[in-house]
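Enquirer: Quick note: the sequence shown uses this note's numbering, first residue 41, plus one each step. Cβ atoms here follow ideal geometry from the backbone N, Cα and C, with glycine treated the same way. Model, not experiment: these values are computed from the prediction. Handing you a structure now.
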Amino acid sequence: MNELTGRIFNIQKCSIRDGRGMRTTVFLKGCGLRCLWCANPEGISFAPEISLNPVNCMGCGFCLKQCPSGAVSLDEKGVMKYDRSKCAACGLCAQLCPTEARKQFGREYTVDELFRRIYQDHFYFEHSGGGVTFSGGEALMQPEFLLEICRKCKDYKIHVAIETCGCGNYEKFAPCLDYIDFIYFDIKHMDSEMHRKITGQSNVHILENLKRISGHGKEICVRTPVVPGWNDSEENIRATAAFAAQCANVRRYELLAYHKLGINKYKILGRQYQLEDVEEPGKDHMQHLVDAANEVLLPIGKKCFYNSENSADE
Ligand code: SF4
Ligand code: SF4
Numbered sequence: 041m042n043e044l045t046g047r048i049f050n051i052q053k054c055s056i057r058d059g060r061g062m063r064t065t066v067f068l069k070g071c072g073l074r075c076l077w078c079a080n081p082e083g084i085s086f087a088p089e090i091s092l093n094p095v096n097c098m099g100c101g102f103c104l105k106q107c108p109s110g111a112v113s114l115d116e117k118g119v120m121k122y123d124r125s126k127c128a129a130c131g132l133c134a135q136l137c138p139t140e141a142r143k144q145f146g147r148e149y150t151v152d153e154l155f156r157r158i159y160q161d162h163f164y165f166e167h168s169g170g171g172v173t174f175s176g177g178e179a180l181m182q183p184e185f186l187l188e189i190c191r192k193c194k195d196y197k198i199h200v201a202i203e204t205c206g207c208g209n210y211e212k213f214a215p216c217l218d219y220i221d222f223i224y225f226d227i228k229h230m231d232s233e234m235h236r237k238i239t240g241q242s243n244v245h246i247l248e249n250l251k252r253i254s255g256h257g258k259e260i261c262v263r264t265p266v267v268p269g270w271n272d273s274e275e276n277i278r279a280t281a282a283f284a285a286q287c288a289n290v291r292r293y294e295l296l297a298y299h300k301l302g303i304n305k306y307k308i309l310g311r312q313y314q315l316e317d318v319e320e321p322g323k324d325h326m327q328h329l330v331d332a333a334n335e336v337l338l339p340i341g342k343k344c345f346y347n348s349e350n351s352a353d354e
């Protein structure tokens, strides 16, 4: 019988942004949404992918010699060419590349192998009150693996958080909730058609999933990445706050300012970034939206934050 594996594209240590204390964040590959601004485009597809950053290439030619698919070649001027349509994403070039000009995103881990990586950090979890956060891509898209790794973490009393866009199948991921302590749940837009425009999917099953998850008793923080011109109207933020307010166990609502830090990843993955013209929102605008959300939330004992105030969840 094949051993259960999960496909991971990054493991980030010492994170202070993904939950309380110091955390190790594990990024699972594959997502059901296609958000226009996604800062982790290497996590969207479930298939492994190869990036090429020409700036780091020193021209050693290892990739050219080793590629079994003819995806790497030299043109008539001796310049290295990479044909993604021929690339089988075998990862051989990335393993040999001495400068990380080529990197592979997406590698299989068994539960025990991933747990050993997580457990290396247990001292700083204990000292900071931190733990592990499963992110993505979309953590809930690999529910069988997520269940086993969360169960193992709880066996060792490690605090477990997830970051989700909520687009998985509830019946499949619900068993994981027993082993999760804290949930970050994204709502990108309350209007279903606008949600489809900016993410490729309607929000109907996402909102339904939030209602169902919130009945499970685990603490939830709803988050909205604020993208100017797309979802940053006061009306949308108030509507999101009102929806979050109805859900049991949603204690806070957090607004994350859109940023362009992921743009270079699009270049090295050979993809087009679609929001080149969108500017990052100013602090005043973010504060205005926080105030609008708080008019809805404060009277019922809940609160909205701007992400620069992102203190650890209690
Ligand atoms: S991942 Fe494999 S097929 Fe693709 S360029 Fe590298 S060696 Fe060639
Ligand atoms: S192996 Fe890396 S450094 Fe060497 S030629 Fe290929 S991309 Fe450049």
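Quick check on this structure: which residue in Lys121, Asn50 and Ile223 has the alpha carbon closest to the alpha carbon of Val200?
Expert: Counting from one through the sequence shown, the residue named residue 200 turns up at place 160. The residue with the shortest Cα to Cα distance from Val200 is Ile223.
Enquirer: Ligand 2 and Phe102: does the residue's C-beta get closer than 6 angstroms to at least one heavy atom of that ligand?
Expert: Here residue 102 corresponds to residue number 62 of the sequence shown, with the count starting at 1. True, at least one ligand heavy atom lies under 6 angstroms from that Cβ.
Enquirer: Please name the residue in Leu44, Thr65 and Ile48 whose C-alpha comes closest to that of Cys54.
Expert: On the sequence shown, position 14 is the one that residue 54 refers to. Ranking the options by Cα distance to Cys54, first place goes to Thr65.
Enquirer: Buried or exposed: which applies to Phe163, given that a residue is buried once 16 or more other Cβ atoms fall within 10 Å of its Cβ?
Expert: Within the sequence shown, the letter at position 123 stands for residue 163. It counts as exposed.
Enquirer: So, are the CB atoms of Gly61 and Gly170 less than 7 angstroms apart?
Expert: Against the sequence shown, residue 61 aligns to sequence position 21. Against the sequence shown, residue 170 aligns to sequence position 130. Going by C-beta atoms, Gly61 is nearer than 7 angstroms to Gly170.
Enquirer: CA-CA distance, Asn276 and Gly176?
Expert: In the sequence shown, the residue the question calls residue 276 occupies position 236. In the sequence shown, the residue the question calls residue 176 occupies position 136. Those two C-alpha atoms are separated by around 25 angstroms.
Enquirer: For Gly315, which residues from the same chain have a beta carbon less than 6 angstroms from its beta carbon, with the 5 sequence-adjacent residues on both sides left out?
Expert: Translated into positions along the sequence shown, residue 315 becomes position 275. Gly is not the amino acid found at residue 315; the sequence shown has Leu there. Leu76 and Trp77, listed in sequence order.
Enquirer: At the 7 angstroms Cβ level, is Tyr164 part of the contact set with chain B, yes or no?
Expert: Among the chains of the structure shown, chain B does not appear; only one protein chain is present.
Enquirer: Please name the residue, chosen from Gln286, Arg291 and Pro321, that lies closest to His299 on a Cα-to-Cα basis.
Expert: Reading the sequence shown from its first residue, position 259 is the one you call residue 299. Ranking Gln286, Arg291 and Pro321 by Cα distance to His299 puts Pro321 first.
Enquirer: Within its chain, find whatever has a CB closer than 7 angstroms to the CB of Asn334; leave out the 5 residues flanking it on each side and keep chain order.
Expert: Start at 1 with the first residue of the sequence shown, and residue 334 comes out as number 294. For Asn334, where only same-chain residues beyond five positions count, the Cβ hits under 7 angstroms are Lys343 and Cys344.
Enquirer: Just the Cα atoms here: how many angstroms apart are Gly341 and Gln144?
Expert: Here the question's residue 341 lines up with position 301 in the sequence shown. Here the question's residue 144 lines up with position 104 in the sequence shown. When rounded, the distance between both Cα atoms is 46 angstroms.
Enquirer: Should Glu349 be labelled buried (16 or more other beta-carbon atoms within 10 Å of its own) or exposed?
Expert: As a first step, residue 349 is located in the sequence shown; it is residue number 309 there, counting from the start. Note that Glu349 scores 43 on pLDDT, short of 50, meaning its location in the model is unreliable and no value can be drawn from it.
Enquirer: Taking one C-beta from the region 94 to 107 and one from the region 189 to 209 each time, how about it: are there three or more such pairs within less than 8 angstroms?
Expert: no
Enquirer: Could you tell me the boundaries of the alpha helix (DSSP H) in which Asp226 lies?
Expert: Here residue 226 refers to the residue found at position 186 of the sequence shown. Element bounds for Asp226: not the alpha helix (DSSP H) but the beta strand (DSSP E), Phe222 to Asp226.
Enquirer: When the Cα of Pro150 is compared with those of Asp218, Asn289 and Asn42, which residue comes out closest?
Expert: Residue 150 sits at position 110 when you count from the first residue of the sequence shown. With the sequence shown as reference, residue 150 is identified as Thr, and Pro is not the correct amino acid for it. With distances taken between Cα atoms, Thr150 lies closest to Asn42.
Enquirer: In whole angstroms, what separates the C-alpha of Val290 from that of Arg142?
Expert: Your numbering for residue 290 matches position 250 in the sequence shown. Your numbering for residue 142 matches position 102 in the sequence shown. So the alpha carbons of these two residues sit roughly 41 angstroms apart.
Enquirer: Give a single yes or no on whether Arg124 has its beta carbon closer than 6 angstroms to a heavy atom of ligand 2.
Expert: The sequence position of residue 124 within the sequence shown is 84, counting from 1. No, since every heavy atom of ligand 2 falls outside the 6 angstroms radius drawn around the Cβ of Arg124.
Enquirer: Which class does Ala279 belong to by DSSP, given the choice of helix, strand or coil?
Expert: As a working mapping, residue 279 is identified with position 239 in the sequence shown. Three-state DSSP puts Ala279 in a helix.
Enquirer: I need the DSSP call for Asp353, collapsed to helix, strand or coil.
Expert: The residue labelled residue 353 in the question sits at position 313 within the sequence shown. No answer about Asp353 holds up, because its pLDDT of 39 lies below 50 and its placement is not dependable.
Enquirer: Skipping 5 residues on each side, what residues in its chain have a beta carbon closer than 7 angstroms to that of Gly257?
Expert: Residue 257 sits at position 217 when you count from the first residue of the sequence shown. Residues Asn289 of the same chain have their beta carbon placed closer than 7 angstroms to that of Gly257, with the five preceding and five following residues left out of the count.
Enquirer: Could you tell me whether the Cβ atoms of Asp295 and Tyr346 are closer together than 7 angstroms?
Expert: Translated into the one-based positions of the sequence shown, residue 295 becomes position 255. Translated into the one-based positions of the sequence shown, residue 346 becomes position 306. Checking the sequence shown, residue 295 turns out to be Leu, not Asp. Yes, they are a contact pair.
Enquirer: Along the chain, which unbroken stretches of the beta strand (DSSP E) at least 3 residues long are found entirely within the region 151 to 236?
Expert: 171 to 176, 199 to 204 and 222 to 226
Enquirer: Say yes only if the C-beta of Ala129 is nearer than 6 angstroms to one or more non-hydrogen atoms of ligand 1, and no if none qualify.
Expert: The count along the sequence shown starts at 1 and reaches residue 129 at position 89. Checking every heavy atom of ligand 1 against the Cβ of Ala129, one is found closer than 6 angstroms.
Enquirer: Taking Cβ positions, are Gly146 and Arg278 nearer each other than 7 angstroms?
Expert: What you label residue 146 is simply residue 106 of the sequence shown in a count that begins at 1. What you label residue 278 is simply residue 238 of the sequence shown in a count that begins at 1. Cβ atoms of Gly146 and Arg278: not closer than 7 angstroms.
Enquirer: Unbroken beta strand (DSSP E) runs of length 3 or more, entirely within the region 309 to 346: which are they?
Expert: 343 to 346
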